[in-house]
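The structure under discussion appears below in the form of structure tokens.
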Amino acid sequence: MLTQKEKESEYYKEQLSSLKDMMQRSTAYMQKLQSELSEAKEQLEIKHHEIIQSVNYAKGIQDRLIPDLETFAPYFSEANFHLSQQGAIGGDLIYARERDNSLYFGLMDCTGHGIPGALISMMGYSFLDEIVKYGSKKTSGQVMEILNKHFVEFFESRNNEPKRHDGMDGVFFHYMPAENLLCYSTVGRPLWLKTAKGWEFIKSDRLSIGGGYSGEFKCHSRTLAPGDELFIFSDGLPDQFGGKRNKKFLSKRVRQVLHQNENLSVSQKIEEMVTRLSKWKDGAEQTDDISFLGLKV
Amino acid sequence: MMEESNQNNWEKTWENNFLEIYHSDILDMGLCVATQEYIPIAEFKVAFLEALELAKKMQWKGFVFDKSALTTFHQPSMEWYYTEWKTELLELGLSQHYKILPPIPWFKTSVDAGIEEIKSNHPDFDFSKINVTYIQSIEGLNS
Chain U
90 MLTQKEKESE YYKEQLSSLK DMMQRSTAYM QKLQSELSEA KEQLEIKHHE IIQSVNYAKG
150 IQDRLIPDLE TFAPYFSEAN FHLSQQGAIG GDLIYARERD NSLYFGLMDC TGHGIPGALI
210 SMMGYSFLDE IVKYGSKKTS GQVMEILNKH FVEFFESRNN EPKRHDGMDG VFFHYMPAEN
270 LLCYSTVGRP LWLKTAKGWE FIKSDRLSIG GGYSGEFKCH SRTLAPGDEL FIFSDGLPDQ
330 FGGKRNKKFL SKRVRQVLHQ NENLSVSQKI EEMVTRLSKW KDGAEQTDDI SFLGLKV
Chain S
3 MMEESNQNNW EKTWENNFLE IYHSDILDMG LCVATQEYIP IAEFKVAFLE ALELAKKMQW
63 KGFVFDKSAL TTFHQPSMEW YYTEWKTELL ELGLSQHYKI LPPIPWFKTS VDAGIEEIKS
123 NHPDFDFSKI NVTYIQSIEG LNS
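Top to bottom, those sequences are chains U and S. Note that the working numbering has the first sequence beginning at 90, numbered continuously upward. Note that the working numbering has the second sequence beginning at 3, numbered continuously upward.
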């Protein structure tokens, strides 16, 4: 018969042995987990590298859509733009195409950003270029109307998949220098115009491309004079978060930068806008794709 | 356990030097509370076989194992508890288990390591049939 002391000693011996066993098993388990984690990390790094390579390659393709500033040179005394997609690729599109001594151009902001935005921008560019380049010459409103039709048709419901409302907003122009005539269609985005009379904010028509809208895409027109300037930007600019209280940059700051720097050249205004935005962001993440186009007659 | 408000009317039905078993007629559940830092397998089995009989008799719908007093567990006991005892409870239709672990940071890791070993030793044992919910205290059953 074991004495009480011996029983206690046996109990503690067994407990100690079990504790040792627990520690050994836990250590082995942790080592196994660590090894699995290292392997998963390695796989993730490989996948990440592949995705980065793929996106960078895609960027090379998407960058071909960016117009050469030379395209604007025969029509405007100054032209410049800033295009900064939220990622390597994105959904902001600046378009410019000469046709018969006139220039079709626009700044379009596609649904989403990143890969979906880039895909929509590629689609939009292809549709736009086909509409502008081929067939009879069209007004900016007609171009937008046909573009809208293409998007709506493309995203019709099919094979039980629901209809999609992806598309783009923007401002699209047709400039005919012989008549100093600028025709434009504001599709969900406004524009700033600076003439000898001062600054004019032109509100957007309540429209969108691909949003299921089937009404009239109006074509507004203005006669421009030498020295007139126009500025258009995607909503990523006013929507950028930052500042001391992490608020949006807002259109009022876009206006401030333009108005406060009205005597600067177009390129300097754009540079100033980028500087102000960068200060506003103060290292924070870019919220959306951001583009800004300025032109001077 | 007895320091809690006992709003679920836990009634002690059995005890030995290492474990206490309670029944709640409000929750239709059983509760086993470890009262020592370590439980030898013989005493562990005696208590849990008693709990099995009570589960049959009282038709428990869930079972709580309060291990908060433990600092050490015995792997063969845990293996038996999972593969044999819990299987018997499953046959009674009881699959909902609640566990209260001791406030020792590495204890959960040790439990996970132990379960991993059981899985490796018993590849046919279907852990997905058992629903284990970790709670902080017995009051956690009411939240």
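Ideal placement from N, C-alpha and C gives every residue a C-beta, glycine not left out. Predicted model only: the values in this text are computed from it and were never measured.
Would you please verify whether the beta carbon of residue i is less than 7 Å from any beta carbon of chain S?
{"i": "Q104 of chain U", "result": "yes"}
{"i": "M111 of chain U", "result": "yes"}
{"i": "Y146 of chain U", "result": "no"}
{"i": "Y118 of chain U", "result": "yes"}
{"i": "L108 of chain U", "result": "yes"}
{"i": "S115 of chain U", "result": "yes"}
Can a CB atom of chain U be found closer than 7 Å to the CB of residue i?
{"i": "A44 of chain S", "result": "no"}
{"i": "Y84 of chain S", "result": "no"}
{"i": "S112 of chain S", "result": "yes"}
{"i": "T37 of chain S", "result": "no"}
{"i": "T74 of chain S", "result": "yes"}
{"i": "Y136 of chain S", "result": "no"}
{"i": "A71 of chain S", "result": "no"}
{"i": "A49 of chain S", "result": "no"}
{"i": "Y17 of chain S", "result": "Note that residue 17 of chain S is Glu in the sequence shown, not Tyr. False, the Cβ-Cβ gap to chain U never drops below 7 Å."}
{"i": "Q98 of chain S", "result": "no"}
{"i": "E118 of chain S", "result": "yes"}
{"i": "Y40 of chain S", "result": "yes"}
Give the straight-line distance between the Cα atoms of residue i and residue j, rounded to the nearest whole angstrom.
{"i": "S297 of chain U", "j": "L217 of chain U", "result": "15 Å"}
{"i": "N249 of chain U", "j": "E242 of chain U", "result": "15 Å"}
{"i": "H348 of chain U", "j": "K337 of chain U", "result": "19 Å"}
{"i": "V363 of chain U", "j": "D371 of chain U", "result": "12 Å"}
{"i": "L382 of chain U", "j": "D328 of chain U", "result": "17 Å"}
{"i": "Q375 of chain U", "j": "P107 of chain S", "result": "40 Å"}
{"i": "I401 of chain U", "j": "L126 of chain U", "result": "Because chain U is modelled from 90 through 386, residue 401 of chain U falls outside the range shown and cannot be assessed."}
{"i": "L366 of chain U", "j": "N350 of chain U", "result": "15 Å"}
{"i": "F67 of chain S", "j": "E39 of chain S", "result": "14 Å"}
{"i": "H402 of chain U", "j": "S173 of chain U", "result": "The structure shown does not extend to residue 402 of chain U, since chain U spans only 90 to 386, so no value can be given for it."}
{"i": "S229 of chain U", "j": "W288 of chain U", "result": "23 Å"}
{"i": "W87 of chain S", "j": "P42 of chain S", "result": "16 Å"}
{"i": "D294 of chain U", "j": "N145 of chain U", "result": "36 Å"}
{"i": "M31 of chain S", "j": "M257 of chain U", "result": "60 Å"}
{"i": "F20 of chain S", "j": "C34 of chain S", "result": "10 Å"}
{"i": "I321 of chain U", "j": "L208 of chain U", "result": "22 Å"}
{"i": "E268 of chain U", "j": "E187 of chain U", "result": "16 Å"}
{"i": "L282 of chain U", "j": "E131 of chain U", "result": "53 Å"}
{"i": "R311 of chain U", "j": "H263 of chain U", "result": "11 Å"}
Which residues in the same chain as residue i place their Cβ atom closer than 7 Å to its Cβ, once the five residues preceding and following it in sequence are excluded?
{"i": "I204 of chain U", "result": "I178"}
{"i": "E361 of chain U", "result": "V346, N350, L353"}
Give the DSSP-derived three-state secondary structure of residue i in the structure shown.
{"i": "F306 of chain U", "result": "coil"}
{"i": "N123 of chain S", "result": "helix"}
{"i": "K337 of chain U", "result": "strand"}
{"i": "R311 of chain U", "result": "strand"}
{"i": "I291 of chain U", "result": "strand"}
{"i": "E144 of chain U", "result": "Per the sequence shown, the amino acid found at residue 144 of chain U is Val instead of Glu. Correct three-state label for V144 of chain U: helix."}
{"i": "G230 of chain U", "result": "helix"}
{"i": "Q77 of chain S", "result": "helix"}
{"i": "W369 of chain U", "result": "helix"}
{"i": "E39 of chain S", "result": "coil"}
{"i": "G201 of chain U", "result": "coil"}
{"i": "E17 of chain S", "result": "strand"}
{"i": "S215 of chain U", "result": "helix"}
{"i": "T111 of chain S", "result": "helix"}
{"i": "K358 of chain U", "result": "helix"}
{"i": "L182 of chain U", "result": "strand"}
{"i": "I28 of chain S", "result": "coil"}
{"i": "K252 of chain U", "result": "coil"}
Enumerate in chain order the residues of its own chain whose CB-to-CB distance from residue i is below 6 Å, with the five nearest sequence positions on each side excluded.
{"i": "Y84 of chain S", "result": "I120"}
{"i": "N133 of chain S", "result": "S97, Q98"}
{"i": "V355 of chain U", "result": "E167, N169, G383, K385"}
{"i": "T284 of chain U", "result": "D317"}
Starting from the C-beta of residue i, find all residues in its chain whose C-beta is less than 8 Å away, skip the five residues before and the five after it, and write them out in chain order.
{"i": "F161 of chain U", "result": "A168, A185, L192, F194, L384"}
message: Suppose only complete runs of 4+ residues qualify. What are the alpha helix (DSSP H) ranges in the region 101-178 of chain U, listed by chain order?
response: none
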